[in-house]
Amino acid sequence: MRALPSAPVEKVIVTYKSQATEAGSNTAAKSDTAEKAAKTGEKLSFERRLAGGGALVDLGDSATKQDVAEVMEAFRADPSVASVEPDIRAYAMAVTPNDTDYAKQWDLFEPTGGMNVPAAWDKTTGSGVTVAVIDTGYAAHTDLAANIVSGYDFISASADARDGNGRDADAKDEGDWNATDGECGTGSKASNSSWHGTHVAGTIGAVTNNTKGIAGIAYNAKIQPVRVLGKCGGSSADIADAITWASGGTVPGVPANANPARVINLSLGGASASCPSVYQTAINGAVSRGTTVVVAAGNSNANASGFTPANCANVINVASTSREGNRSYYSNFGTIVDVAAPGGETRRATDTPGTVTTPENGIHSTLNSGSTTQSAENYKPYQGTSMAAPHIAGLAALLKSAKSTLTPAEIESAIKANARPLPGTCTGGCGTGIADSAKTVNAVTGTTTPPTGTVFTNATDVTISDNTTVSSSIAVTGRTGNAPAALKVGVDIKHTWRGDLVIDLIAPDGTVRNLKASSSSDSADNVVTTYTVDASSEVANGTWKLQVRDVATGDTGYINSWSLTF
31 MRALPSAPVE KVIVTYKSQA TEAGSNTAAK SDTAEKAAKT GEKLSFERRL AGGGALVDLG
91 DSATKQDVAE VMEAFRADPS VASVEPDIRA YAMAVTPNDT DYAKQWDLFE PTGGMNVPAA
151 WDKTTGSGVT VAVIDTGYAA HTDLAANIVS GYDFISASAD ARDGNGRDAD AKDEGDWNAT
211 DGECGTGSKA SNSSWHGTHV AGTIGAVTNN TKGIAGIAYN AKIQPVRVLG KCGGSSADIA
271 DAITWASGGT VPGVPANANP ARVINLSLGG ASASCPSVYQ TAINGAVSRG TTVVVAAGNS
331 NANASGFTPA NCANVINVAS TSREGNRSYY SNFGTIVDVA APGGETRRAT DTPGTVTTPE
391 NGIHSTLNSG STTQSAENYK PYQGTSMAAP HIAGLAALLK SAKSTLTPAE IESAIKANAR
451 PLPGTCTGGC GTGIADSAKT VNAVTGTTTP PTGTVFTNAT DVTISDNTTV SSSIAVTGRT
511 GNAPAALKVG VDIKHTWRGD LVIDLIAPDG TVRNLKASSS SDSADNVVTT YTVDASSEVA
571 NGTWKLQVRD VATGDTGYIN SWSLTF
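In this text, residue positions in the sequence shown follow my numbering: the first is 31, and each later residue adds one.
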């Protein structure tokens, strides 16, 4: 996990022995706090009684570690005190992973083209859910290994499998390269191995907070590699059997799946005017067993109705969007598309096919550097609806983990209902919009997001003495994404000669924005106004502070109240 901030202790929690007067009397606790203040020379104040019976004592935000230690020792020395402990801070443990390439994963967190994933991680990370990646198999990668469970190789033709046999229990990706043009049919081109399944798997479930590589969307889910694509692709018969097996169904001659998947990702497809019955039967069976099936819409810039399994029923059909929030130039479209997700664009539509001109706009994930057979592990940006689909498969795993009773139909409905409109354009139809992870998770867990215009207020008075710095905090919760570009900061400060005051807004990450400077000529009383701040670079949720600094002598006052309007 990432290193936690080292926050100063400003308060202590004092628990009195049950027979002590202070245990039940706030007046007595206030009196005892005053006695300890006189004894230690610190400015202590009794703030409130906690639900568990303890007394919260404030030392002020200028207290040093030595001050805290002296105050705690004074309370401990009192025979009527059962315990005293610092009021320490806790932090959300899954907001910003420490993975070294996380900054490249715009698809997870950017407000324009991203899928609002980090804001969902405080509620669910995919624990207890297995996601089957029915694809090229698995190329060993240390950023995935801890989340991989045993899969299966369903390629029945040994020549296509390149492992010397037909179906077996080893889902290792043996490579899908083609040595010469025309090898896989008229119009096919020679190509290197894609390690496609490993790239897809990383988006769904790469190990996260391990100080390397990338973060997976459902990073505590398990990934089950199921190999169906080898040399020259894969057959519908093998793919259908893989769907059945992965979801816990029975396939003749194949051992039962010890870890049935609750989500299946199918980043594959071919041209077909209708859904083959072999696919539809397998998909219907999977869904009946409680498995959500996610498929890629296809990369032909055409109506998805002409491609399969995108045109099958009972699936979540996913189109691709760019970093700018447009439909990716290659993505299929149409009324059968259910939802869109980031698939990226490693080149512009007008750039030479096969080139990579905008790698920063692709989907960065786990891969292998081998041209044909496996070599060293690496990371690389890809583009495609194949990259969009695993975003939705990852979200489906988050939902299933958050609420295990959800059916595939309920998962699909929740994802579609909580998507946001594309900020860019989509000709032809991109479903209900770009999926919003946090909004969808909140919807299924019953957590409501406050509507726009929600006001968060702190009306507790804070004394402002001469030449001191004080602050008042507001905990913002239930928001998704970043703060507004026009965040309203309402301030009501009672203070004679307001020119003495410097007022700052401090964001949850510590960023300081000045609201008011001091002025030796401003002799008016009080600061009662609303400031507008561009806080769009800040995550909305967290503890915001209004900091007020008195820079002169002779005039004092207090923070009466302040507010934030989102």
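Think of the CB as a built atom: it goes at the ideal place given N, C-alpha and C, for glycine as much as any other residue.
As the structure is a prediction and not an experimental result, all values here were calculated from the model.
The criterion of a C-beta distance shorter than 8 Å is satisfied by Val163 and Gly227. Segment contact: the stretch 483-491 against the stretch 108-118, fewer than three CB-CB distances shorter than 8 Å; contact not assigned. A direct Cα-Cα distance of roughly 10 Å separates Ser361 from Gly374.
For Thr455, the three-state secondary structure derived from DSSP is coil. DSSP lists Lys410 as the beta-bridge partner residues of Ser395. Distance from the CA atom of Ile494 to the CA atom of Gly587, rounded to whole angstroms, is 5 Å.
Here the C-alpha atom of Pro141 lies approximately 11 Å from the C-alpha atom of Leu452.
By the Cβ rule, the stretch 334-354 counts as touching the stretch 289-309, because three or more pairs are nearer than 8 Å. The alpha carbon of Thr376 has as its nearest neighbour, out of Thr365, Gly392 and Ala370, the alpha carbon of Gly392.
The way I'd put it, the stretch 267-279 doesn't touch the stretch 204-214; fewer than three beta-carbon pairs between them come closer than 8 Å. Here the stretch 126-133 lies against the stretch 234-245, with 3 or more beta-carbon pairs under 8 Å apart. With a minimum length of 3 residues, the unbroken runs of beta strand (DSSP E) contained wholly in the stretch 120-202 fall at 160-165. Scanning its chain for C-beta atoms nearer than 7 Å, with the 5 sequence neighbours on each side dropped, one finds around Thr154 the residues Leu428, Ser431, Ala432 and Val471, in chain order. Listed in chain order, the beta strand (DSSP E) runs fully inside the stretch 223-298 are 252-257 and 293-296, counting runs of at least 3 residues. According to DSSP, Leu517 shares a beta bridge with Val563. With fewer than three CB-CB distances shorter than 8 Å, the stretch 185-194 does not count as touching the stretch 280-298. Taken through DSSP and simplified to helix, strand or coil, Ala489 comes out as coil.
Per the coordinates, the alpha-carbon of Phe363 lies some 31 Å from the alpha-carbon of Asp131. Residue pairing of Arg579 in beta bridges, as defined by DSSP: Thr499 and Val532.
In the DSSP annotation of this structure, the continuous segment of the beta strand (DSSP E) that includes Ser591 starts and ends at Gly587 to Thr595. DSSP places Thr510 outside both helix and strand once states are collapsed to three, so it counts as coil. The criterion of a C-beta distance shorter than 8 Å is satisfied by Arg579 and Val532.
The beta carbon of Gly181 sits closer than 6 Å to those of Ala201, Gln254, Pro255 and Val256, all from its chain and outside the five residues before and after it, given in chain order. Each residue's CA atom was taken as its position, placing Ala332 and Arg357 some 12 Å apart.
The beta-bridge partner set that DSSP reports for Cys460 consists of Thr462.
Judged by DSSP in its simplified three-state form, Leu86 adopts strand. In the DSSP assignment, Pro306 falls outside any alpha helix (DSSP H), carrying neither H nor E. Between Ile464 and Gly300, the CB-CB gap reaches or exceeds 8 Å.
If you look at Ile366, you'll find it isn't in any alpha helix (DSSP H); DSSP assigns it neither H nor E. Assigned with DSSP and collapsed to three states, Asp97 falls in helix.
Take the alpha-carbon of Lys73 and the one of Leu89: they are about 6 Å apart.
Just measuring C-alpha positions, the residue of Glu213, Val111, Val159 and Gly508 sitting nearest Gln49 is Val111.
Around the beta carbon of Thr172, fewer than 16 other beta carbons sit within 10 angstroms, so the residue counts as exposed. Within the same chain, Cβ atoms closer than 6 Å to the Cβ of Thr233 are found at Ser395 and Pro420, the five residues on either side in sequence being excluded. The three-state secondary structure of Ile445, taken from DSSP, is helix. For the set Ala175, Thr351 and Lys410, the Cα lying nearest the Cα of Val386 is the one of Lys410.
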